[in-house]
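Notes follow the structure.
2 protein chains.
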Amino acid sequence: MEIQALAESVRETLATHDASGLRTLLEDVHPADLALVLAELEPRDMWRALSALPPDERAETFGYLPTEQQVDLARTLTRKQLADIVFHMSADERADLFNRLSQEQQEALLPGLAQAERDDIRRLAGYEEGTAGAIMTSDYATLAPQLTAREAIEWLRREAPDKETIYQSYVIDADRRLLGAVSLRDLILAPSARRVEELMVREVIFARVEDEQEDVAGMISKYDLLALPIINGGEKLVGIVTYDDAMDVVEQEATEDFHKAASVDHLETSVRDAGFRLLYRKRVFWLVLLVFGNLFSGAGIAYFEDTIAAYVALVFFLPLLVGSSGNAGSQAATLMVRALATGDVELRDWGRMLGRELLVAGALGLTMAIAISGVGVIRGGSEIAAVVAITMVTVVIIGSLIGMSLPFVLNRFRFDPATASAPLVATIADAVGVLVYFGVASAVLQLPPS
Amino acid sequence: MEIQALAESVRETLATHDASGLRTLLEDVHPADLALVLAELEPRDMWRALSALPPDERAETFGYLPTEQQVDLARTLTRKQLADIVFHMSADERADLFNRLSQEQQEALLPGLAQAERDDIRRLAGYEEGTAGAIMTSDYATLAPQLTAREAIEWLRREAPDKETIYQSYVIDADRRLLGAVSLRDLILAPSARRVEELMVREVIFARVEDEQEDVAGMISKYDLLALPIINGGEKLVGIVTYDDAMDVVEQEATEDFHKAASVDHLETSVRDAGFRLLYRKRVFWLVLLVFGNLFSGAGIAYFEDTIAAYVALVFFLPLLVGSSGNAGSQAATLMVRALATGDVELRDWGRMLGRELLVAGALGLTMAIAISGVGVIRGGSEIAAVVAITMVTVVIIGSLIGMSLPFVLNRFRFDPATASAPLVATIADAVGVLVYFGVASAVLQLPPS
């Protein structure tokens, strides 16, 4: 059923207070779709719809809601209702929710849970946001090395209901140190008496709790993993990150870099639901900073005020020249920022990239100079046309080199390369463009600067 | 082992021509890592290293190489060597490679393969790039509905070596119509005599061969699927797309949108390996187009030449004002482009977004106007300061509204919203900015336009 139609039906059924009708309606709806529909309802109706689901599905649907809405809904629930739903949530989603609750809510929630869940929440909720620890789950399957394939499958069968995945199991010793990994596929294919230690892969790819979520997602993507085991400082296995969470991270990190590319700070929430104040806050810093950055262009213009007064026609080409420099620079910066983010390019590639960029930018500048020189002749005569053409080639090269180098420089000094946003590059390129333009004009038109 | 160190060892071992040493060295290396190392070698050495691997791993490593390098290497192989490696590749990677080979190579390859592989290649290679058909694999597991859980597991066990995944199987009738889906987890948990038709999920989420790869990846991400079944026009199951391929699509589409955001056309290859001509071609179109776009700003300036001649001080604030308009517009455009791409925002949200944008942009413009008005007073007196402040608020609002609306307009007329790049928005905002600035100046300073 289409989401829109489903939303309509849910609303209608809620209005009739027909509990069994509601159950029937929601039976075959995927939790991800249902969460989309519920997200549009008031907390009261949201809870009525959730109550019509069996506990597992209720918790799963709840887990698909945006975290802010989980918190809003949690606020309207009794301690018992909240504990019930939290009990059935997956370990990583539970910890995420817990971290967003007020201290009061946290304190109200914990006594309602069993000791095991309490410890688990405390453990997972302690990791810094953006790290492997913060996105991992503790619902993973482990095996002892001496088990036979048949015993291992039997064990996984019993464990399955509580585990995020049983397709990948981790073999650990008594100290929870990671000895190997074995897939369910290998267990099923193996002779039933073969031991896990003979079947397991010993060179296990793993990450550490403090590793960045971006790198963890990158490893899962690179090695096509179903899950990546996470190790703590004591070399003990403490969790796994699954491919579906990695996929969310890839999307989330791309969005963050995207926003940064336009000098918007990291938005923690969806653009759709972001409020006025949040959007203002995330955009104002760079805008104001860049206003002052643009003063350099203004200062450059002021320095050449006499040149301009003598040749007002020069101003005609100003937006075009500084704009072109900024555009070429934005292209170069964006290509590098993304290539650095995906690992396509590394710091040490800078030299080689620079040489190529010089060639490409030179060719681009030349093309643009030719394209505009006709207009130059018509508007200002051949001398002005020459000034415009020389300036165009020069500023496109300079803009491009600034654009492609800035991400490397930022990366080198451990800043986020994505800070090399199109607006920042354009602002720098503008200032340089003004100086080059009027500098070239003064030289060619043989005017002394003021 | 670190990639750098591994590359070193591989080079050294190749130099000594020690075949068994090479085998030992490569034994435990992940194919994804090995491919990174091989990508730096000459085709001859690449092939020598690949030859040291068992056929399956050789094909897997080969599959991890960038497609261009696969093609380059294929060119140096004998017909038999190529057929051998192609035979062991996964169905989707095989079809991708086939599509990039020259017609000659294709004709040389096909006779070397068995009928089944030939048909499979022809079938998969026929789908348009960017569609579900082009990224799906035909190596999926199917089950008959009457099988018991025990029989189904036994069947999957026999099929496993040739299948991309056995964790998700698809239940089909005699006409290959999709009846349901069942996970290995459910098969293992079920009583062994229970029939597949009783265990399967009947409401299977699926896509069609012609669906866009972006949407397919979005479904896999949204529903946390391991694989998504793909149906053809005759309603028959013809393939699956797995989560790892979906992850690659998510990254690839994000990169494409990223590049578009800086008005760079879609690069089919990595930035690192892109040549001079390719980069030039992908960047030149928009740059030249925007040069002519910027002529509108120039024309605006020319129209107000007398105003400028009378108040040369006005030019000081020009870059700052038009830059601010473009920066705010870029922010607004990028927020919308990304939100439309991830499905966070839809076409029908435009009205609501517009109202909020008006408020946010007004507040931003006011903040920036206040920030700059001190400089206005110092440089040009209170009248000029007033002109600058009024212009700032106006152009930031206009720039933002253009920036946020353009992606919706493009989307509405079935263009890619990502075409609303920062440079395009900045160019439009520039032209509007010039008109507003000198228009306000003429009014406030009571100068007649030329």
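From first to last, the protein sequence lines are chains A and B. Residue 1 is where the first sequence starts when you use the working numbering, and the numbers rise one by one after that. Residue 1001 is where the second sequence starts when you use the working numbering, and the numbers rise one by one after that. Every residue gets a Cβ at the ideal spot worked out from N, C-alpha and C, and that includes glycine.
Checklist entry - Roughly how many angstroms lie between the CA atoms of residue 1431/B and residue 1246/B, to the nearest whole one? => result Answer to the nearest angstrom: the Cα atoms are 41 Å apart.
Checklist entry - Over what stretch of residues does the alpha helix (DSSP H) that includes residue 1031/B continue unbroken? => result Going by DSSP, residue 1031/B is part of the alpha helix (DSSP H) stretching over 1031 to 1038.
Item to check | Span of the beta strand (DSSP E) around residue 183/A | outcome: Residues 178 to 183.
Next on the checklist: So that I know if they touch, is there some Cβ in chain B lying closer than 8 Å to that of residue 434/A?
Outcome noted: Answer yes: the Cβ-Cβ gap between residue 434/A and chain B drops below 8 Å somewhere.
Checklist entry - Going along chain A, which residues have a C-beta under 9 Å from residue 1030/B? => result Within chain A, the residues near residue 1030/B are 203, 205, 222 and 223.
Checklist entry - Under the three-state reduction of DSSP, which class applies to residue 54/A: helix, strand or coil? => result If DSSP states are grouped into helix, strand and coil, residue 54/A belongs with coil.
Checklist entry - Just how far apart, CA to CA, sit residue 167/A and residue 361/A? => result Rounded to the nearest angstrom, the two C-alpha atoms are 50 Å apart.
Item to check | Burial state of residue 185/A, where buried means 16 or more other Cβ atoms lie within 10 Å | outcome: Around the beta carbon of residue 185/A, 16 or more other beta carbons lie within 10 angstroms, which makes this residue buried.
Next on the checklist: Measuring alpha carbon to alpha carbon, tell me which residue in 1306/B, 1098/B and 1138/B is nearest residue 1113/B.
Outcome noted: It is 1098/B whose Cα lies nearest to the Cα of residue 1113/B.
Item to check | Selected residue, minimal CA-CA separation from residue 1199/B, among 1146/B, 1217/B and 1004/B | outcome: Nearest neighbour of residue 1199/B by Cα position, chosen from 1146/B, 1217/B and 1004/B, turns out to be 1146/B.
Item to check | Outcome for residue 1443/B when other beta-carbon atoms lying within 10 angstroms are tallied against a minimum of 16 | outcome: Exposed: under 16 other Cβ atoms inside 10 Å.
Checklist entry - Three-state secondary structure (DSSP) at residue 1222/B? => result If DSSP states are grouped into helix, strand and coil, residue 1222/B belongs with the helices.
Item to check | Which listed residue (81/A, 263/A, 352/A and 26/A) has its alpha carbon closest to that of residue 1422/B | outcome: Selected option, being the one with the closest Cα: 263/A.
Checklist entry - Is the Cβ of residue 1411/B closer than 8 Å to any Cβ of chain A? => result So, not an interface residue.
Next on the checklist: Using DSSP's beta-bridge definition, name the partner residues of residue 163/A.
Outcome noted: Residue 163/A is not bridged to any residue.
Checklist entry - What are the partner residues of residue 1212/B, as DSSP defines its beta bridges? => result DSSP, once it has assigned bridges, lists 1131/B as partnering residue 1212/B.
Item to check | Chain-ordered chain B contacts of residue 247/A [CB-CB under 9 Å] | outcome: Neighbours of residue 247/A on chain B, chain order: 1217, 1220, 1221, 1224, 1243, 1246, 1247 and 1250.
Next on the checklist: To be precise: take each residue of the stretch 254 to 269 of chain A, compare its Cβ to all Cβ atoms of chain B, and keep it if any distance is under 7 Å. Which residues remain?
Outcome noted: With the criterion set as a beta carbon lying under 7 Å from some beta carbon of chain B, the members of the stretch 254 to 269 of chain A are 254, 255, 258, 259, 261, 262, 263 and 264, in sequence order.
Next on the checklist: Does any residue of chain B have a CB that is nearer than 8 Å to the CB of residue 150/A?
Outcome noted: No - not a single Cβ of chain B is within 8 Å of the one on residue 150/A.
Checklist entry - When DSSP labels each residue in this structure, what does residue 1023/B get in the three-state scheme? => result Helix at residue 1023/B.
Next on the checklist: Rounded to the nearest angstrom, what separates residue 332/A and residue 3/A at their Cα positions?
Outcome noted: Taking the straight line joining both Cα atoms gives about 41 Å.
Checklist entry - In the stretch 162 to 189 of chain A, which residues sit with their C-beta less than 7 Å from some C-beta in chain B, listed in chain order? => result Cβ contacts with chain B: 166, 167, 184, 185, 188 and 189.
Item to check | Same chain only: Cβ atoms within 8 Å of residue 177/A, ignoring 5 sequence neighbours per side | outcome: Within the same chain, and ignoring the five residues on either side of residue 177/A in sequence, the residues whose Cβ sits closer than 8 Å to its Cβ are 235, 236 and 237.
Next on the checklist: Would residue 1084/B and residue 1055/B be called neighbours here (beta carbons separated by less than 8 Å)?
Outcome noted: The answer is yes: Cβ separation under 8 Å.
Item to check | Chain-ordered chain B contacts of residue 331/A [CB-CB under 7 Å] | outcome: By Cβ distance, chain B contributes 1262, 1263, 1264 and 1283.
Checklist entry - If you drop the 5 nearest sequence neighbours on each side, which residues of the same chain put their C-beta closer than 6 Å to that of residue 142/A? => result Excluding sequence positions up to five before and after residue 142/A, its CB lies within less than 6 Å of the CB of 170 and 172, all in the same chain and listed in chain order.
Item to check | Where residue 1342/B meets chain A, residues with beta-carbon distance less than 7 Å | outcome: Those are 251 and 255, listed as they occur along chain A.
Checklist entry - Looking at the unbroken alpha helix (DSSP H) that takes in residue 312/A, where does it start and where does it end? => result It is not in any alpha helix (DSSP H) - residue 312/A carries neither H nor E in the DSSP assignment.
Checklist entry - Counting contacts by CB-CB distance shorter than 8 Å, is residue 1404/B in contact with chain A? => result No, no contact with chain A.
Next on the checklist: Tell me the rounded alpha-carbon separation between residue 1041/B and residue 68/A.
Outcome noted: Each residue's alpha carbon lies about 51 Å from the other.
Item to check | Beta-ladder partner(s) of residue 239/A, from DSSP | outcome: Paired residues: 230/A.
Checklist entry - Is it a yes or a no for the stretch 1322 to 1332 of chain B touching the stretch 1387 to 1407 of chain B, going by three-plus beta-carbon pairs under 8 Å? => result As far as the Cβ criterion goes, the stretch 1322 to 1332 of chain B touches the stretch 1387 to 1407 of chain B, which means the pair count is three or higher.
Checklist entry - Helix, strand or coil for residue 342/A per DSSP? => result Helix, per DSSP.
Item to check | Inter-residue Cα distance where the pair is residue 1154/B and residue 1108/B | outcome: Those two C-alpha atoms are separated by around 39 Å.
Item to check | Residues near residue 1021/B in its chain [Cβ-Cβ closer than 6 Å; skip 5 each side] | outcome: Closer than 6 Å at the Cβ level, and outside the excluded window around residue 1021/B, lie 1013.
Next on the checklist: Just checking: is the beta-carbon of residue 367/A within a distance shorter than 8 Å of some beta-carbon in chain B?
Outcome noted: Yes, residue 367/A counts as interfacial toward chain B.
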